[in-house]
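Beneath this line is the structure, given in structure tokens, with notes to follow.
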Amino acid sequence: MASEIVGGQPEGESSPLWFAKDGAELLYFKVNRRPVKGNPDLFAPEEDKLAHIERVLSYYASAVSGRNPKREWRLGNLHFDHEHGYFTGLLGWYRTGEAVRPEWDGSTGQWVDHIVEQEEGAVSPVAFTLDMSTLGILKHPTFTTEKNVLDAVLSEIFNKGEIGTDFPRVVWGVEPLGDEDDFYGWLGSVDQLTYLSMTFKRPNPDGEAEFDFLFERLDELRAEVINERIVARDREEGLDKTALRKDRTTRGFISAAMSAFGTVMARGFKDGIRVRYDQRDEVLRERLTDVGTDMDTATEAVLDAVARKGAERRQTKKLKQTDQPKRKRRKK
Numbered sequence: 313m314a315s316e317i318v319g320g321q322p323e324g325e326s327s328p329l330w331f332a333k334d335g336a337e338l339l340y341f342k343v344n345r346r347p348v349k350g351n352p353d354l355f356a357p358e359e360d361k362l363a364h365i366e367r368v369l370s371y372y373a374s375a376v377s378g379r380n381p382k383r384e385w386r387l388g389n390l391h392f393d394h395e396h397g398y399f400t401g402l403l404g405w406y407r408t409g410e411a412v413r414p415e416w417d418g419s420t421g422q423w424v425d426h427i428v429e430q431e432e433g434a435v436s437p438v439a440f441t442l443d444m445s446t447l448g449i450l451k452h453p454t455f456t457t458e459k460n461v462l463d464a465v466l467s468e469i470f471n472k473g474e475i476g477t478d479f480p481r482v483v484w485g486v487e488p489l490g491d492e493d494d495f496y497g498w499l500g501s502v503d504q505l506t507y508l509s510m511t512f513k514r515p516n517p518d519g520e521a522e523f524d525f526l527f528e529r530l531d532e533l534r535a536e537v538i539n540e541r542i543v544a545r546d547r548e549e550g551l552d553k554t555a556l557r558k559d560r561t562t563r564g565f566i567s568a569a570m571s572a573f574g575t576v577m578a579r580g581f582k583d584g585i586r587v588r589y590d591q592r593d594e595v596l597r598e599r600l601t602d603v604g605t606d607m608d609t610a611t612e613a614v615l616d617a618v619a620r621k622g623a624e625r626r627q628t629k630k631l632k633q634t635d636q637p638k639r640k641r642r643k644k
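The sequence shown runs 313 to 644 under the working numbering.
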């Protein structure tokens, strides 16, 4: 049987873990709770969100990604600190399959192919803080950030745990945070912007004041999701990027998406080559270089970074609210 991979390193080998030498990227997500079937009248989540999370994760549900062979994901090694408002754990995947391995047959003097069972997997530290519901995942080299793999498997794990409770009350969404500066940097780099798609979803009850007009629009329309597409009338000319930057609704959609209340996708041309932007793939990230040489110290480094990021996002939110005109807060 092939060696089992633990944290990306075969068992029994003494060399450092995958993050020890050069560190790794930390990916940031937000944990959202939404009404069941999109009906706000049925939305009665537990006030203690961390206790709610602990309860749904206690089911240790699994999620599956990929095809032939599929990866099975689990979130374990959980530690909850209710006094300080956080939890840590290890997110990992494993799979079994078959591989062809040549073996020497001394009786015939030939190499003979044999089918052997092969197991592999990987684990990586995860940390969550209640401050802005921020969750961080240290990106293992085998973790795919494209096609919503990480947010999809974590959302599935959360929701399976919620379904396992006596009375499921919310739909969980673990969704990628974005970077507005990164998006506007991309926007400034393209010669023509030909397509912009923006989605806004009903968020948790602690919605942010800067998105009030979008919340109100959802309520007025009795909608769960709003999707807006803007298509250039002339591909050679493209959309007016300056007007998009100034348009209040567009900026609201973009800002909400970067706060994990929706998504932004865009297409355009740069030097005649088609380019694209997908906020789900461009998840907010930073590189951690000093994460120690074992999983415990790496977990502490992830928790420290997530706590700092949550505080930064809260400060940014306060500054944005200060700049917002006074308006009547929506009913929750």
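Each residue gets a CB set at the ideal place from its N, CA and C atoms; glycine is no exception.
The structure presented is a predicted model; accordingly, all values stated were derived computationally and were not measured.
Original post:
When you compare only the Cα positions, how much space is there between Thr-400 and Ile-449?
Top reply: 10 Å
Subject >> When Glu-594, Arg-579, Arg-557 are compared against Ala-572, the one with the closest alpha-carbon >> reply: Glu-594
Subject >> alpha helix (DSSP H) segment containing Asp-494, residue limits >> reply: 492 to 501
Original post:
Going by C-alpha distance, which of Asp-478, Asn-460, Gly-476, Phe-392 is nearest Phe-645?
Top reply: With the chain represented from 313 up to 644, any question about residue 645 goes unanswered, as that position is not in the structure.
Original post:
According to the neighbour-count rule (16 or more other Cβ atoms, all chains shown, within 10 Å of its Cβ), is Val-486 buried or exposed?
Top reply: buried
Original post:
On the three-pair Cβ rule with 8 Å, is the region 560 to 575 touching the region 487 to 498?
Top reply: yes
**OP:** Determine the extent of the alpha helix (DSSP H) in which His-364 is found, giving its start and end residues.
**Re:** 361 to 369
Original post:
Does the region 456 to 471 come within contact of the region 368 to 375, defined as at least 3 CB pairs closer than 8 Å?
Top reply: yes
Original post:
When burial is assigned at 16 or more other CB atoms within 10 Å of the CB, is Asn-344 buried or exposed?
Top reply: buried
Original post:
Does the beta-carbon distance from Lys-332 to Thr-605 come in below 8 Å?
Top reply: Note that residue 332 corresponds to Ala in the displayed sequence, not to Lys. Contact flag set, yes.
Original post:
Which residues in the same chain have their Cβ closer than 6 Å to the Cβ of Leu-387, if we skip the five residues on either side of it in sequence?
Top reply: Gly-401, Leu-403, Ile-469
Subject >> Buried or exposed by the 16-neighbour rule on C-beta atoms within 10 Å, applied to Asn-539 >> reply: exposed
**OP:** Report the residue ranges of all beta strand (DSSP E) runs contained in full by the region 414 to 464; include only those spanning at least 3 residues, in chain order.
**Re:** 422 to 441, 446 to 450
**OP:** For Leu-631, I'd like the list of residues in its chain whose CB is within less than 6 Å of its CB, leaving aside the five on either flank, ordered along the chain.
**Re:** none
Original post:
Where does Ala-617 fall in DSSP's three states?
Top reply: Ala-617 falls in the helix class under three-state DSSP.
Original post:
Are Leu-339 and Leu-462 touching if we call contact CB-CB under 8 Å?
Top reply: Contact: yes.
**OP:** Apply the 10 Å Cβ neighbour rule to Gln-591 and answer buried if 16 or more other Cβ atoms are within range, or exposed otherwise.
**Re:** buried
Subject >> Local Cβ density within 10 Å of Asn-460, reported as buried at 16 or more and exposed below that >> reply: buried
Original post:
Cβ atoms of Val-603 and Gly-335: under 8 Å apart, would you say?
Top reply: yes
Subject >> Boundaries of the beta strand (DSSP E) in which Phe-512 is found, first to last residue >> reply: 504 to 513
Subject >> Beta-carbon proximity of Arg-541 to Leu-530, cut-off 8 Å >> reply: Not a contact, by the Cβ cut-off of 8 Å.
**OP:** Please confirm whether Gly-550 and Gly-584 have their CB atoms less than 8 Å apart.
**Re:** no
Original post:
Who are the near neighbours of Ile-566 in its chain, counting only those whose CB is closer than 6 Å to its CB and skipping five residues on each side?
Top reply: Val-576
Subject >> DSSP state of Gly-564 mapped onto helix, strand, coil >> reply: helix
**OP:** Give the DSSP bridge partners of Met-577, in chain order.
**Re:** Ser-509, Asp-590
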